[in-house]
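There are 2 protein chains.
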Amino acid sequence: MKTESYKGSEDTFKRIWNKIKELCLIKEICADELEGIGLGIPGPVYNQSIVKIAANFSWGNDFNAKKLMEEITKHKVKVENDVRLIALGEQRFGAAKGYENAIVIPIGTGIAAGIISGGKLVSGGFGAAGEFGHIVVNKEGYNCGCKLKGCLETYCSSKGIIQEAKKLLEENKTGKMYEAFKDNINSLDASDVFKYYKQEDKLAIQTVEKFSKYLAEGLGVLINILNPEIIILAGGVAKSSDIIIPLVRKYLPQYALGISIDIPITVSELLDSAGVKGAAALII
Amino acid sequence: MKTESYKGSEDTFKRIWNKIKELCLIKEICADELEGIGLGIPGPVYNQSIVKIAANFSWGNDFNAKKLMEEITKHKVKVENDVRLIALGEQRFGAAKGYENAIVIPIGTGIAAGIISGGKLVSGGFGAAGEFGHIVVNKEGYNCGCKLKGCLETYCSSKGIIQEAKKLLEENKTGKMYEAFKDNINSLDASDVFKYYKQEDKLAIQTVEKFSKYLAEGLGVLINILNPEIIILAGGVAKSSDIIIPLVRKYLPQYALGISIDIPITVSELLDSAGVKGAAALII
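Protein chains in written order, with this note's numbering: chain P, 712 to 995; chain D, 712 to 995.
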């Protein structure tokens with residue numbers, strides 16, 4: 712369902728609760744008997760309760776999502792950052808099952824890292840850990856929405872791929888991808904670039920190579936600092952993991968210490984349900 | 712005491728144990744009553760027992776330091792990576808006391824990070840977490856001893872400072888620092904560079920600015936990924952923290968997300984005793 716956050720947090724949360732009750736009816740579960748509610752939300756979530764900064768919704772800083780949801784539902788509520796819940800879902804039920812040290816990296820319009828260290832989610836001092844998309848990889852690079860310059864996210868996200876491909880198309884005006892999109896360049900999607908990569912279009916290859924090299928650089932940073940046992944790519948862009956993973960492996964030896972370059976890199980098992988299952992895992 | 716590791720691990724460990732017994736006599740402690748022995752060692756330490764890779768001593772891979780020390784001493788032994796013990800020492804008894812999320816960064820001939828997240832040391836899958844010195848910050852940079860190119864350590868270490876200063880001295884042949892070292896450039900030490908920085912020598916300023924900018928870049932990476940509450944600089948180079956910290960603060964806004972740039976950055980309280988106290992904390 713749509714968040715419709717402009718109607719206010721109480722309205723959104725009440726609609727979520729109504730939807731939960733509706734689903735309980737369908738599943739023949741008595742809503743009163745729910746053990747609790749796990750809630751995923753973007754932004755820095757502190758102490759599984761408070762959204763510190765209003766980065767995505769205009770519900771104010773230090774928004775106590777746990778308290779509001781508990782008032783509305785009369786159930787125990789735990790709140791966590793959405794990316795961390797994806798990581799938790801994969802660790803309990805998916806591709807990271809059995810690993811105490813795993814990093815799950817959703818790549819969509821943005822990129823972030825859900826980090827599990829010693830079996831626990833890494834949240835940071837005020838819940839802002841995992842902002843992997845905003846490590847600076849090119850000091851002379853693109854401006855990022857976060858106000859930094861040359862962030863990983865400006866290359867390693869669907870937005871970044873589209874931006875880079877458009878730039879190359881406009882500069883070079885050649886190839887199959889150019890022919891297909893020259894009259895409607897704004898309809899170009901990241902998945903199109905991977906499609907034309909498979910058709911050996913030169914500009915698509917350049918775009919995907921650049922994406923993969925920067926992703927390898929970012930993974931090298933995570934590997935050297937955190938020494939995970941496994942890295943799991945998730946999100947829309949990970950649907951092209953058959954292309955991405957071999958390319959990342961090609962570039963990784965330039966960025967990760969030799970002892971770590973054989974690290975398994977794989978793809979989400981739970982896909983779109985990882986976050987929901989992670990939210991359930993918070994309560995379980 | 713000297714490690715004299717070429718005599719073999721058993722010889723080194725026995726000499727350590729003899730030294731412990733000697734110190735017990737001086738302190739009028741009965742060695743039999745020791746609760747246990749905490750041992751710090753460089754390299755990736757797995758499960759507080761095994762040194763996975765023989766990076767610093769030629770005692771072989773998968774060297775079970777815990778087992779050997781327990782056999783020699785008949786006491787309970789816990790082993791940990793030396794940098795992580797420095798972090799643990801600072802957290803229990805020093806500048807990181809009271810913080811659940813702290814990063815301690817010893818800067819000497821190398822640079823690494825001892826990471827505490829949610830009150831626990833971050834060790835990684837096989838004990839290799841914290842290799843912060845080997846994140847690549849300049850793809851066209853210097854070759855590093857680790858076989859990567861442009862590692863943070865090639866700039867942000869006493870070795871890096873000396874290398875950079877020598878290069879500038881040889882290229883420019885000017886200034887107070889040049890006059891002092893032109894005939895014995897190999898005696899130049901990192902502390903000299905900070906000394907001439909204070910005397911406003913241009914080449915010393917350039918060297919220290921470059922060091923500080925790369926350190927800010929590295930800290931930005933740690934901050935964005937881990938959201939620590941405090942960063943503590945340690946090791947020999949941190950003796951010039953009065954110069955380094957303001958410069959790092961100047962550059963940090965280019966690399967750390969806005970919500971984090973006010974993070975406290977301070978200097979070790981325990982100095983050379985941090986590692987020893989961290990080793991004790993392992994047992995306590």
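Just so it is clear, CB atoms sit at the ideal spot from N, CA and C, and this is done for glycine as well.
TODO: Anything in the region 818-832 of chain P with a Cβ closer than 9 Å to a Cβ of chain D? List those residues in chain order, please.
DONE: A824, I826, S828, G829, K831 and L832
- [ ] Quick one: which unbroken alpha helix (DSSP H) runs of 4-plus residues sit fully inside the region 734-816 of chain D? Chain order, please.
- [x] 776-784 and 793-804
Open item on the list: Any beta carbon of chain P sitting closer than 8 Å to that of V932 (chain D)?
Closed with: yes
Task: Between the CA atoms of E715 (chain P) and G819 (chain P) - distance to the nearest angstrom - done: 21 Å
- [ ] Measure the beta-carbon distance from M888 (chain D) to Y907 (chain D) and round it to whole angstroms, keeping in mind my assumption that it falls under 8 Å.
- [x] 4 Å
Open item on the list: Just to confirm the assignment, what range does the beta strand (DSSP E) spanning V1037 (chain P) have?
Closed with: Within the shown structure, residues of chain P are numbered from 712 to 995, placing residue 1037 (chain P) beyond reach of any answer.
Task: Boundaries of the alpha helix (DSSP H) in which G825 (chain D) is found, first to last residue - done: Looking at the DSSP string, G825 (chain D) is not in any alpha helix (DSSP H); the run it does join, the beta strand (DSSP E), is G825 to S828.
Open item on the list: Is the separation between the beta-carbon of P755 (chain D) and that of N767 (chain D) shorter than 8 Å?
Closed with: no
Open item on the list: Contact criterion: CB-CB distance below 8 Å. Does I752 (chain P) meet it with respect to chain D?
Closed with: no
Task: Cα-Cα separation between K950 (chain P) and I936 (chain D), rounded to whole angstroms - done: 24 Å
TODO: Could you list which residues in chain P have their beta carbon closer than 8 Å to that of Q965 (chain D), in chain order?
DONE: V847, K850, L859 and K860
- [ ] Can you tell me the Cβ-Cβ gap for L933 (chain P) and A824 (chain P), rounded? I've got them flagged as a contact below 8 Å.
- [x] 6 Å
TODO: Return the CA-CA distance between D894 (chain D) and D912 (chain D), expressed in angstroms with no decimal places.
DONE: 18 Å
Open item on the list: For I737 (chain P) and I761 (chain P), I'd like the C-alpha separation in whole angstroms.
Closed with: 31 Å
TODO: Leaving aside the five residues before and after N732 (chain D) along the sequence, list all residues of the same chain whose C-beta is less than 6 Å from its C-beta, in chain order.
DONE: The sequence as given places Lys at residue 732 (chain D); Asn does not occur at that position. Around K732 (chain D): A742.
- [ ] Report yes or no: is there a C-beta of chain D within less than 8 Å of the C-beta of F774 (chain P)?
- [x] no
TODO: Excluding the 5 residues preceding and the 5 following Q917 (chain P) in the sequence, name in chain order all residues of the same chain whose CB lies nearer than 7 Å to its CB.
DONE: L879
Task: Rounded straight-line distance, which links the Cα of E881 (chain D) to that of F724 (chain D) - done: 45 Å
- [ ] May I ask you to verify whether the region 843-855 of chain D touches the region 776-783 of chain D, counting CB pairs closer than 8 Å and requiring at least 3?
- [x] no
Task: Distance, C862 (chain P) Cα to I708 (chain P) Cα - done: A question about residue 708 (chain P) goes unanswered here, because the residues of chain P that appear run from 712 up to 995.
Open item on the list: Starting from I943 (chain P), trace the beta strand (DSSP E) in both directions and tell me its first and last residue.
Closed with: I941 to A945
Task: chain D residues whose Cβ lies nearer than 7 Å to that of I764 (chain P) - done: I970
TODO: Return the chain-ordered list of same chain residues with a C-beta closer than 8 Å to the C-beta of K777 (chain P), the five sequence neighbours on each side being excluded.
DONE: L750, Q759, S760, I761, V788, K789 and V790
Open item on the list: Taking its Cβ as the centre, do 16 or more other Cβ atoms sit within 10 Å of N938 (chain P), making it buried, or is it exposed?
Closed with: buried
- [ ] Report the residue from D:W770, D:I727 and D:L799 whose alpha carbon sits nearest the alpha carbon of L993 (chain D).
- [x] D:L799
- [ ] With a 10 Å radius around its C-beta and 16 neighbouring C-beta atoms as the bar for buried, classify I995 (chain P) as buried or exposed.
- [x] exposed
- [ ] With DSSP as the reference, label L879 (chain P) as helix, strand or coil.
- [x] helix
TODO: Output, in chain order, the set of chain P residues within a Cβ distance shorter than 8 Å of P975 (chain D).
DONE: Neighbours of P975 (chain D) on chain P: none; closest Cβ ~10 Å, over 8 Å.
Task: Whole-angstrom distance between T885 (chain D) and P964 (chain D), CA atom to CA atom - done: 32 Å
TODO: Would you give the residue range spanned by the alpha helix (DSSP H) that F905 (chain D) belongs to?
DONE: A901 to K909
- [ ] Return the Cβ separation of E811 (chain D) and G829 (chain D) in integer angstroms, given the expectation that the two are a contact with Cβ distance under 8 Å.
- [x] 6 Å
Open item on the list: Within 10 Å of its beta-carbon, does I740 (chain P) have 16 or more other beta-carbons around it, so buried, or fewer, so exposed?
Closed with: exposed
Open item on the list: In this structure, how does DSSP classify K860 (chain D) when only helix, strand and coil are distinguished?
Closed with: strand
Task: Reduced DSSP category for I822 (chain P) - H, G, I as helix; E, B as strand; rest coil - done: strand
Task: DSSP beta-bridge partners of L832 (chain D) - done: D:I827
Open item on the list: Using C-beta distances below 7 Å, list every residue in its chain close to S869 (chain P), excluding the 5 sequence neighbours before and after it, in chain order.
Closed with: G819, T820, A901, G947 and V948
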